[in-house]
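In our numbering, the protein residues as written are 11 to 201.
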């Protein structure tokens, strides 16, 4: 027999790495997306108000190192466009000064249908009406805690809102602080 007629054993074909890589994609790609998105989702959840801690409107409730109490929510003016100017007064008794002193503090009014109103600056004519009623307005939420109040002190907070007149009677008060997020406090009205 000659060398040409002797059949050599069939050589094993080289591994097909492309096919193996394609089979690994359904596992590796979602894992990579999860790892990359984990920080983003954590940051989003830490900055959002997601889980409500509901409390009756007329009772104090604790959140993020303070005991919060609504002193009053009153309509102080009507506008020609059908909106109302509301003034919210709160008190926060500081239980943990470090937790409370982390800005930013968020206070809003929330309607049952999900509409939300942030605090608004009052026009000078509307501000004069408030000043004539009450000499001690308190501070807005941010500046009230920037001075780092001591544990046991009570901080007076005043915020003004512009919202539709029809929504005033049903709007709940929400409070959120960085130390508590994604939890927030919701003072719900019982109508």
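The beta carbon of each residue, even a glycine, is placed where N, CA and C say it ideally should be.
Can you pull the DSSP bridge partners for residue 63? Taking the first residue of the chain shown as 1, we reach residue 63 at position 53. DSSP, once it has assigned bridges, lists 195 as partnering residue 63.
Distance, Cα to Cα, residue 120 vs residue 45? Working through the chain shown from its first residue, we reach residue 120 at position 110. Working through the chain shown from its first residue, we reach residue 45 at position 35. Each residue's alpha carbon lies about 35 Å from the other.
Counting beta carbon pairs with one atom in the segment 54 to 74 and one in the segment 32 to 40, are three or more of them shorter than 8 Å? no
Rounded to whole angstroms, what is the Cα-Cα separation between residue 179 and residue 113? For the purposes of this step, residue 179 is taken as the residue at position 169 of the chain shown. For the purposes of this step, residue 113 is taken as the residue at position 103 of the chain shown. Near 29 Å, if we compare the C-alpha coordinates of residue 113 and residue 179.
Based on Cα-Cα distance, which residue from 188, 173, 191, 183 lies nearest to residue 90? Translated into positions along the chain shown, residue 90 becomes position 80. For residue 90, the closest of 188, 173, 191, 183 by C-alpha to C-alpha distance is 173.
Taking the Cβ atom as the reference point for each residue, do residue 73 and residue 195 lie within a distance shorter than 8 Å? If you number the chain shown from 1, residue 73 lands on position 63. If you number the chain shown from 1, residue 195 lands on position 185. Going by C-beta atoms, residue 73 is nearer than 8 Å to residue 195.
Given residue 163 as reference, the closest of 104, 108, 122, 123 once Cα atoms are compared: Reading the chain shown from its first residue, position 153 is the one you call residue 163. Residue 104 is the option with its Cα nearest to residue 163.
Note down the Cα distance separating residue 59 from residue 79, rounded to an integer number of angstroms. Translated into positions along the chain shown, residue 59 becomes position 49. Translated into positions along the chain shown, residue 79 becomes position 69. So the alpha carbons of these two residues sit roughly 19 Å apart.
Here's a check: name, in chain order, each residue in its chain whose Cβ is nearer than 7 Å to the Cβ of residue 189, leaving out the five neighbours to either side. Translated into positions along the chain shown, residue 189 becomes position 179. Taken in chain order, the residues that qualify are 74, 75, 109, 112.
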